[in-house]
DNA sequence: TAACATTTGTCTATTTTTTGGTCAATTGTT
DNA sequence: AACAATTGACCAAAAAATAGACAAATGTTA
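Chains as they are written, first to last, in this note's numbering: chain Y, 4 to 253; chain A, 4 to 253.
Take a look at the structure:
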C-alpha cells in the first residue's frame, strides 16, 4: 500500500531513506491528486510552467512525471492542446479485490487514524469556528450535494473535510488529516464503487456541519465519527461481503 | 518553532522544498533526540559507524552534525574518548520565556494534536493489547517511577507513550504521536522545569496503564486526556502565571 | 614521558544528481 | 500549408554526495 511508514519502533533504528528531488516532487503531485485537488481529466499546467511553480528544473519534474505516468496517476499527450492529464483510476476494478484484501489491515489502520484526527478536528472546529469558516464549510457541503459524478463527489468530499480541519487553525492536525486521506483514497477508488459509496454522505456532512455551527464539540465529533465509521462499514461489506464484514467488525 | 508545516491550505499551492540529504539526516537525528531516545551526555557512535548505520557518507553525515552542533543538540569533541555528545539544553532558561510566549499558539496546537492522537492510541491499545504489550508498557511505567533526574524522566516518559502507540500496531498513529512529541519537547525543556513538571506523572501513567490493562478503551482514553491536559495546565502556569493561565484556558 | 589507540577535522578526486538550455517530433487550429 | 503549443530527447555545466586518505587532538598505558 502506498507510503506506509515502517512498522517497527524507531528506537535505535536509524538508517534513512534519502529522497532524491524527483521522488519528492512525484510524492507531492501524487498527494495533491489523492487529496482530490484535481478532478480526473483535468489538465496540469505545461511542464515548463509547472517546473517553475514547483521550483525545480523541467528535467527533474519530467522524471517525477514519468513515475506518475507509470503509476497510472497521469497521462501525457504531446502536441498542441496536449499536456498532462489526471487519469481516473477505476479501471483495475475487480481484479484488484484480492490485493485490497491482502492489505486490509492497512486500510483499517487508516480508518482508525482518520477517526482520531478528524473527530478532533471537528471538535476543535466547533470551538474555534468563525463566520468565514462556517461559510466555507457550508459552501463545500453544498458542492457535495450538487456533485454530478464520482470525480466531483470525491473532490467535494475532500474539500469538505479539509476545510473543517483548516478551520481549526492547527497545522499539525491539518497535515495529519491530509496524510490520512491521501493514503486512503487511492486504494479505495480503484473500484467502481461510486454510487453505493456516495449515497447518504451529503446528509452525514450536513449533520457534522450542524454540530460545528452550533458550537457543540461533542456533537460534531460524534457526527464525524459516525460518518467515518459508516464509510468503513460500507467498504467492509464491499470487500468482504455481509458476513465477512460482520466477522471483521469484532 | 521547530519544523512547523506551512500554515496555508495546500490547495493549488505547489512549490516544493527539496530537502538535500544532509538536511534529512539532521532532521532524523534531531528527531531521535527530541523523542528522548538518548539521555543527555550520552555519546553517539563514531562518525564512521554512524554514517554506515544511517546509510550515508561520512561527509554528508558531517554536514548534518555541523548543523545540529550549531543548534545546540550535539557537542563534538575530538581526541580519544571524544566523540559526539548529546547536550542537555536547559541553559537558555528564563531568557527564552518571551520567545516561548510568542510561539504560544503553536504549543497549544501541539497539545491539541497530542490529545487527538494519544487518546486514540490509548483507546486502541486497550482493545488490541497483548500480554507482551502490557508487559512492555508496565516496564516503561516502572522506569518512569524510578527515574533519578530530568533526563531519565524524559526518556522514560517518552518510552511509555511511544510503547503505548506502538502497541496499537498502527504505523500512522505511531508516526503522528512521534511527530507531536518531537515537536513539543524541545521548546519546553529549554527551561529548568524539571521538578514541577514531573511530580504526579508516574501516578497518571499508572492510571493510563490500568485502563489499558482492563481493556477499557474509554477509561484509557480519558486518563490519557487528563494526563496531557494536566501537563498543559502546568506549562500554562509556568509560562503565563496563575492568572494568565486561567485567562488562556477559556 | 613516550608510544598508542581512537576519534574528530580537513582536504581531494570521482561519481551521481540536478540544472539550464537547445532542438526535434507531435498534433490541434487557422 | 503554415502556425502555435506542447511533449520528447539530448547535452554540457553546476551542484551535491561519495569514498578515501591523512592530519590533529587527546585520553590511556607501558
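Even for Gly, the Cβ is constructed at its ideal location relative to N, Cα and C.
*Thinking C-beta only, is residue 187 (chain A) closer than 8 Å to residue 211 (chain A)?*
no
_Within chain Y, partners of residue 28 (chain A) - CB distance below 8 Å_ = Going along chain Y in sequence order, the residues near residue 28 (chain A) (Cβ under 8 Å) are 19, 21.
*Looking at the structure shown, is residue 19 (chain Y) part of a helix, part of a strand, or coil, going by DSSP?*
coil
*Whose Cβ in chain Y lies nearer than 7 Å to the Cβ of residue 163 (chain A)?*
Within 7 Å Cβ-Cβ: nothing; residue 163 (chain A) doesn't reach chain Y, min ~13 Å.
*At a Cβ threshold of 8 Å, is residue 58 (chain Y) touching chain A?*
yes
*asked:* Under 8 Å, Cβ to Cβ, is there at least one residue of chain Y near residue 140 (chain A)?
replied: no
*Given a threshold of 16 other Cβ atoms within 10 Å of its Cβ, counted over all protein chains shown, does residue 39 (chain A) qualify as buried or as exposed?*
buried
_Residue from A:49, A:44, A:57 whose Cα sits closest to the Cα of residue 28 (chain A)_ = A:57
*Taking one C-beta from the region 37 to 55 of chain A and one from the region 64 to 83 of chain A each time, how about it: are there three or more such pairs within less than 8 Å?*
yes
*Using a Cβ-Cβ cut-off of 8 Å, state whether residue 210 (chain Y) counts as contacting chain A.*
no
*chain A partners of residue 190 (chain Y), CB-CB under 7 Å?*
Correct list: empty, because the minimum Cβ distance to chain A is about 14 Å.
*Beta-ladder partner(s) of residue 211 (chain A), from DSSP*: In DSSP, residue 211 (chain A) forms no bridge with anything.
*asked:* If you follow the alpha helix (DSSP H) that residue 73 (chain A) is in, where does it begin and where does it stop?
replied: 61 to 74
*Using a C-beta to C-beta distance shorter than 8 Å, which residues of chain A count as neighbours of residue 118 (chain Y)?*
123
*Quick one: what does DSSP say residue 87 (chain Y) is sitting in, helix, strand or coil?*
Here residue 87 (chain Y) sits in strand by DSSP.
*Endpoints, the beta strand (DSSP E) within which residue 77 (chain Y) is located*: 77 to 80
*Is there at least one Cβ from chain A nearer than 8 Å to residue 12 (chain Y)'s Cβ?*
Caution is warranted here: a pLDDT of 29 is assigned to residue 12 (chain Y), below 50, making its placement in the model unreliable, and the coordinate value is therefore given only provisionally. True, the Cβ-Cβ gap to chain A drops below 8 Å.
*CA nearest to the CA of residue 109 (chain A), picked from A:234, A:246, A:183, A:121*: A:183
*What does a CB cutoff of less than 8 Å around residue 131 (chain A) pick up in its chain, not counting 5 residues either side in sequence?*
So the list reads 170, 171, 172, once near-sequence residues are dropped.
*Determine the burial state of residue 223 (chain Y): buried for a count of at least 16 other Cβ atoms within 10 Å of its Cβ, exposed for fewer.*
buried
*Is the beta carbon of residue 100 (chain A) less than 8 Å from the beta carbon of residue 238 (chain A)?*
no
*Beta-carbon proximity of residue 136 (chain A) to residue 162 (chain A), cut-off 8 Å*: no
*Along the chain, where does the alpha helix (DSSP H) that runs through residue 121 (chain A) open and close?*
107 to 131
_Using DSSP's beta-bridge definition, name the partner residues of residue 189 (chain A)._
According to DSSP, which records beta bridges pairwise, residue 189 (chain A) is partnered with nothing at all.
_Checking the sheet assignment: what are the DSSP bridge partners for residue 184 (chain Y)?_
For residue 184 (chain Y), no pairing in a beta bridge is given by DSSP.
*On a CA-only basis, which of A:175, A:32, A:250 is nearest residue 71 (chain A)? Give me that one, please.*
A:32
_Contact check, residue 63 (chain Y) vs residue 24 (chain Y), beta carbons under 8 Å_ = yes
*Go through its chain and collect everything with a Cβ distance to residue 250 (chain A)'s Cβ below 6 Å, but skip five positions before and after it.*
none
*Ignore the nearest five residues each way along the sequence and tell me which others in residue 220 (chain A)'s own chain have a CB closer than 7 Å to its CB.*
So the list reads 126, 129, 130, once near-sequence residues are dropped.
*List, in order along the chain, the chain A residues whose C-beta lies closer than 9 Å to that of residue 182 (chain Y)?*
175, 178, 179
*Would a check of beta-carbon distances place residue 1 (chain A) closer than 8 Å to chain Y?*
As shown, chain A starts at 4 and ends at 253. That puts residue 1 (chain A) outside it, with no answer to give.
*Write down the C-beta distance between residue 185 (chain A) and residue 37 (chain A) rounded to the nearest angstrom, noting that I regard them as a contact closer than 8 Å.*
Yes, they are in contact, since the Cβ atoms of residue 185 (chain A) and residue 37 (chain A) sit about 4 Å apart, within 8 Å.
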